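Asks: Protein chains in written order, with the working numbering: chain A, 16 to 402; chain B, 251 to 535. Built from N, CA and C at the ideal position, the CB exists for glycine as well. Predicted model only: the values in this text are computed from it and were never measured.
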Ligand SMILES: Cc1cc2nc3c(=O)[nH]c(=O)nc-3n(C[C@H](O)[C@H](O)[C@H](O)COP(=O)(O)OP(=O)(O)OC[C@H]3O[C@@H](n4cnc5c(N)ncnc54)[C@H](O)[C@@H]3O)c2cc1C
């Protein structure tokens, strides 16, 4: 058990730090967090800077245009960018963290050449069209139909909660190519397609979140023609392809945010000291608790990363363990912020109020806490399946 | 960076587990409950295996290993509910004659509590006027004392490692039971209410594990306080949830669950309490 980084890793950290210090001042001013078109512009500009400096797709395999960095280097990257206050992946989230890795793993050489470079250069952004009004936690129950017609699939149905659909160029779309029947259980008969968001028949209707933003949307698909060449993986094999995608999402997607939480906690303690709330022992100890939580979550991250470095596989179910604790801890962080701020926590212009509202989604998005517990119980602890 | 246990560390842990399986299995544990008292022969066997001298330099006759190794063997001790003033004796190795070899039993006045006072050959601190109490844990005799406590980080961490072992064991016990016990025509582990109880036990244990192991590597006093806080929680909540998963059986003297819970309560009061740890962690902010 060792927590020291190798010389090579430290050299990588030093180069990255230097580059961040020189580059971050060149970024345009931060956009209004509720304005997604402005956020797209900002996030893709940052991605372009990463590309030009050779940091784009750091953890992607080199064959897919990435840098083939080790899991530890990727961890260092996430730690340093967050510490430097660099932008989060933001609108590039789906492209970089799961559509891209999925195409890299399952796509044809032509598909990789077509879709991966624009993701890395920040030219095209992706959204994720998995959930449907009647298929959320029970994702395999999805019903959006795709019927083969010549060289195209004709797609009809609707998707929901599609994050930044409004500003996306492409959508990783799950469709049903065989209706559910005795012969075709619901996990089969699903296909993974790349949908161009500007295709005729695609309608995006933004949904307002409880935080007041339009960060996600409903997507209606009315006889949309999608070339069969846009299919990633075999027809009816989309569930397996999807599992590849989700393991990326759960395994690495939240790493950088732990660092952000530790920074927020330090800021919160400073505010508590200024305002006198620090003298309340219960509040002070709650802050101490959170310090233990986020330190441990950071150590758990390092544990998981060094485990995947040893085994060389895609991130495993350990991601569910992390996600469960992290999402609740982060909600507690903002609950504590409200306790420190008192009535100011009701002011949308105060720091943390918007974050507190956003944090309510953490126990729902990317698999609810209940579903994560099922995964932990069945796949890690081996408890019998049930309902 | 390679945070995973090395081959040697894995072998050390496996060796400790084997030793305890041979010398302190369930039968021995239940016998200890019936006839409380310290098993001197076992204490000696621990000494022979290097449990107490683990961190003593080789030049001083020790094994010359570090805190990460100590944490792994204390985790095993916690898992098996091994009895006796393990932490105090381990820390006394090198300074109290016979402690390192397992020939003498050392206890320490730990603030308001002294464990194993009457069995100990050597007491560190002033235990005069200490009053025996009827200990909630049948396997840990306790005295009330008027001592003060200056928590030594190593003691705090080793107690946390024992809590971690106990938490892990309770998760295993709950999962085993949930796979076997049938109600409504299926194993209770197929019901989500039980499944989620078990999943939360695992999550608390794994987060505590990361904290305990990292603190052993960094030896940072704040991380050590955090490790104790999270391990106390994992052990106490884990034992309660394990008891719940066992139903009426869990409420009996026959099931081992109460022994884990009671020991976890004792350890939560030892060396550094949750409130003390939280204050330490707040002072780091
Ligand atoms: C901010 C945000 C962004 C999102 N972005 C995207 C996106 O970009 N693309 C996309 O495809 N989806 C996205 N989602 C959707 C998200 O994946 C789903 O909301 C989530 O999987 C839950 O599905 P649901 O909303 O239909 O809730 P439901 O599945 O209806 O669940 C409702 C409640 O029932 C519980 N429940 C359901 N089934 C079970 C069960 N078997 N056992 C125990 N409890 C159960 C759930 O835990 C929950 O508490 C996003 C969601 C949010 C909040």
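Give the straight-line distance between the Cα atoms of residue 303 of chain A and residue 535 of chain B, rounded to the nearest whole angstrom.
Replies: Counting from one through the first chain, the residue named residue 303 of chain A turns up at place 288. Counting from one through the second chain, the residue named residue 535 of chain B turns up at place 285. Their Cα atoms are separated by approximately 8 angstroms.
Asks: Who are the Cβ neighbours of residue 105 of chain A in its own chain at under 7 angstroms, not counting the five residues just before and after it?
Replies: Counting from one through the first chain, the residue named residue 105 of chain A turns up at place 90. Contacts found: 54 and 58.
Asks: Tell me the residue span of the beta strand (DSSP E) that contains residue 233 of chain A.
Replies: Along the first chain, read from residue 1 onward, the residue named residue 233 of chain A stands at position 218. Counting along the chain, the beta strand (DSSP E) containing residue 233 of chain A begins and ends at 231-242.
Asks: Between B:527, B:272, B:521 and B:533, which has its C-alpha nearest residue 399 of chain B's C-alpha?
Replies: Counted from its first residue, the second chain places residue 399 of chain B at position 149. Residue B:521 is the option with its Cα nearest to residue 399 of chain B.
Asks: Give every residue of the same chain whose Cβ lies closer than 6 angstroms to the Cβ of residue 264 of chain A, excluding the five residues on either side of it in the sequence, and list them in chain order.
Replies: Locating residue 264 of chain A in the first chain gives position 249, counting from the first residue. Residue placement at residue 264 of chain A is flagged as unreliable, the pLDDT there being 48, under the threshold of 50; a coordinate-derived value is accordingly withheld.
Asks: Closest Cβ-Cβ distance between residue 525 of chain B and chain A: below 8 angstroms?
Replies: Taking the second chain and counting its residues from 1, one reaches residue 525 of chain B at position 275. Closer than 8 angstroms to some Cβ of chain A, the Cβ of residue 525 of chain B qualifies, so yes.
Asks: Output yes if chain A places a C-beta closer than 8 angstroms to the C-beta of residue 258 of chain B; else output no.
Replies: The count along the second chain starts at 1 and reaches residue 258 of chain B at position 8. False, the Cβ-Cβ gap to chain A never drops below 8 angstroms.
Asks: Go to residue 451 of chain B, then tell me how far its alpha helix (DSSP H) extends in each direction, as first and last residue.
Replies: For the purposes of this step, residue 451 of chain B is taken as residue 201 along the second chain, with counting starting at 1. Here the alpha helix (DSSP H) through residue 451 of chain B covers 442-468.
Asks: So which of B:502, B:496 and B:282 has the shortest CA-CA distance to residue 431 of chain B?
Replies: Counted from its first residue, the second chain places residue 431 of chain B at position 181. Closest option to residue 431 of chain B, Cα to Cα, is B:496.
Asks: Mind checking residue 303 of chain B: buried by the 16 CB within 10 Å criterion, or exposed?
Replies: The residue you call residue 303 of chain B lines up with position 53 of the second chain. It is buried - the Cβ of residue 303 of chain B has at least 16 other Cβ atoms within 10 Å.
Asks: Taking 7 angstroms as the cut-off, is the beta-carbon of residue 142 of chain A closer than that to any non-hydrogen atom of ligand 1?
Replies: Position 127 of the first chain, counting from 1, holds the residue named residue 142 of chain A. Under cutoff, so the answer is yes.
Asks: Return yes when the C-beta of residue 442 of chain A is under 7 angstroms from any heavy atom of ligand 1, and no when it is not.
Replies: Since the first and last residues shown for chain A are 16 and 402, residue 442 of chain A lies out of range.
Asks: Please check if any C-beta of chain A sits within less than 8 angstroms of the C-beta of residue 270 of chain B.
Replies: Stepping through the second chain from its first residue, residue 270 of chain B is reached at position 20. Cβ-Cβ to chain A under 8 angstroms: no for residue 270 of chain B.
Asks: Is the CB-CB distance between residue 339 of chain A and residue 277 of chain A below 8 angstroms?
Replies: In the first chain, the residue the question calls residue 339 of chain A occupies position 324. In the first chain, the residue the question calls residue 277 of chain A occupies position 262. No. Outside cutoff.
Asks: Can you look up residue 197 of chain A in the DSSP assignment and give me helix, strand or coil?
Replies: What you label residue 197 of chain A is simply residue 182 of the first chain in a count that begins at 1. It is coil, neither helix nor strand.
Asks: Measure the CB-CB distance between residue 206 of chain A and residue 250 of chain A and report whether it falls below 8 angstroms.
Replies: The residue you call residue 206 of chain A lines up with position 191 of the first chain. The residue you call residue 250 of chain A lines up with position 235 of the first chain. Against a cut-off of 8 angstroms, the Cβ pair of residue 250 of chain A and residue 206 of chain A comes out as a contact.
Asks: Per DSSP, what are the beta-bridge partners of residue 143 of chain A in this structure?
Replies: Position 128 of the first chain, counting from 1, holds the residue named residue 143 of chain A. According to DSSP, which records beta bridges pairwise, residue 143 of chain A is partnered with A:187.
Asks: Just verifying my parser: in three-state terms, what is the DSSP assignment at residue 286 of chain B?
Replies: Working through the second chain from its first residue, we reach residue 286 of chain B at position 36. Here residue 286 of chain B sits in coil by DSSP.
Asks: Does the structure place the stretch 185-198 of chain A close enough to the stretch 147-162 of chain A that three or more beta carbon pairs sit under 8 angstroms?
Replies: Result yes; three or more Cβ-Cβ pairs closer than 8 angstroms.
Asks: Residue 476 of chain B lies in the alpha helix (DSSP H); which residues open and close that run?
Replies: Here residue 476 of chain B is taken as the residue at index 226 of the second chain, counted from 1. Its alpha helix (DSSP H) spans residues 471-495.
Asks: Could you check if residue 361 of chain A is buried or exposed, using at least 16 other CB atoms within 10 Å of its CB as the buried criterion?
Replies: Counting from 1 along the first chain, the entry for residue 361 of chain A is found at position 346. Label assigned to residue 361 of chain A: exposed.
Asks: Hey, quick one: how far does the beta strand (DSSP E) through residue 271 of chain A stretch, first residue to last?
Replies: As a first step, residue 271 of chain A must be located in the first chain, where it is residue number 256. Unbroken run through residue 271 of chain A is the alpha helix (DSSP H), 270-290; no beta strand (DSSP E).
Asks: Pick from A:373, A:307, A:291 and A:364: whose alpha carbon is nearest that of residue 354 of chain A?
Replies: Sequence index remark: in the first chain, residue 354 of chain A carries index 339 (1-based). Out of A:373, A:307, A:291 and A:364, A:291 has the C-alpha closest to the C-alpha of residue 354 of chain A.
Asks: Roughly how many angstroms separate the alpha carbons of residue 211 of chain A and residue 429 of chain B, rounded to a whole number?
Replies: As a working mapping, residue 211 of chain A is identified with position 196 in the first chain. As a working mapping, residue 429 of chain B is identified with position 179 in the second chain. The straight-line gap from Cα to Cα measures roughly 47 angstroms.
Asks: In chain B, which residues lie less than 9 angstroms from residue 317 of chain A when you measure between Cβ atoms?
Replies: Along the first chain, one-based indexing puts residue 317 of chain A at 302. Those within 9 angstroms of residue 317 of chain A in chain B are 251, 253, 460 and 464.
Asks: Considering only residues of the stretch 103-168 of chain A, which uninterrupted beta strand (DSSP E) runs meet the minimum length of 3 residues and lie entirely inside it, listed in chain order?
Replies: Correct list: 141-144 and 160-164.
Asks: Just confirm the distance between the C-beta atoms of residue 35 of chain A and residue 271 of chain A, as a whole number of angstroms; I'd bet it's less than 8 angstroms.
Replies: Locating residue 35 of chain A in the first chain gives position 20, where the first residue counts as 1. Locating residue 271 of chain A in the first chain gives position 256, where the first residue counts as 1. Between residue 271 of chain A and residue 35 of chain A the Cβ distance is about 13 angstroms, and since that is not below 8 angstroms, they are no contact.
Asks: With a threshold of 8 angstroms, are at least 3 pairs of Cβ atoms found where one atom belongs to the stretch 355-366 of chain B and the other to the stretch 432-450 of chain B?
Replies: Because the criterion of three Cβ pairs below 8 angstroms is not met, the stretch 355-366 of chain B and the stretch 432-450 of chain B do not touch.
Asks: I'd like to check one pair, residue 516 of chain B with residue 387 of chain B: are the Cβ atoms closer than 8 angstroms?
Replies: Here residue 387 of chain B refers to the residue found at position 137 when the second chain is read from its first residue. Here residue 516 of chain B refers to the residue found at position 266 when the second chain is read from its first residue. The answer is yes: Cβ separation under 8 angstroms.
Asks: Mind reading off the beta-carbon distance from residue 528 of chain B to residue 300 of chain A? Whole number of angstroms is fine, and I expect it under 8 angstroms.
Replies: As a position in the second chain, residue 528 of chain B is number 278, starting the count at 1. As a position in the first chain, residue 300 of chain A is number 285, starting the count at 1. 4 angstroms between Cβ atoms; contact.
Asks: On the criterion of 16 or more Cβ atoms from any shown chain inside 10 Å, does residue 62 of chain A qualify as buried, or is it exposed?
Replies: Here residue 62 of chain A refers to the residue found at position 47 when the first chain is read from its first residue. Flag for residue 62 of chain A reads buried.
Asks: The beta strand (DSSP E) that contains residue 392 of chain B, what's its start and end?
Replies: Stepping through the second chain from its first residue, residue 392 of chain B is reached at position 142. Per DSSP, residue 392 of chain B belongs to the beta strand (DSSP E) from 392-394.
Asks: For the beta strand (DSSP E) containing residue 382 of chain B, name the first residue and the last one.
Replies: One-based indexing of the second chain puts residue 382 of chain B at position 132. Where residue 382 of chain B is concerned, the enclosing beta strand (DSSP E) stretches over 381-383.
Asks: Distance, Cα to Cα, residue 314 of chain A vs residue 274 of chain A?
Replies: Here residue 314 of chain A is taken as the residue at index 299 of the first chain, counted from 1. Here residue 274 of chain A is taken as the residue at index 259 of the first chain, counted from 1. Between residue 314 of chain A and residue 274 of chain A, the C-alpha separation is close to 11 angstroms.
Asks: Using 7 angstroms as the cut-off, classify the Cβ of residue 235 of chain A as near or not near the heavy atoms of ligand 1, replying yes or no.
Replies: Within the first chain, numbered from 1, the residue matching residue 235 of chain A stands at position 220. Incorrect: residue 235 of chain A has no Cβ contact closer than 7 angstroms to ligand 1.
Asks: Hey, would you say the C-beta of residue 381 of chain A is under 7 angstroms away from at least one heavy atom of ligand 1?
Replies: On the first chain, position 366 is the one that residue 381 of chain A refers to. It does: the Cβ of residue 381 of chain A is within 7 angstroms (strictly closer) of some heavy atom of ligand 1.
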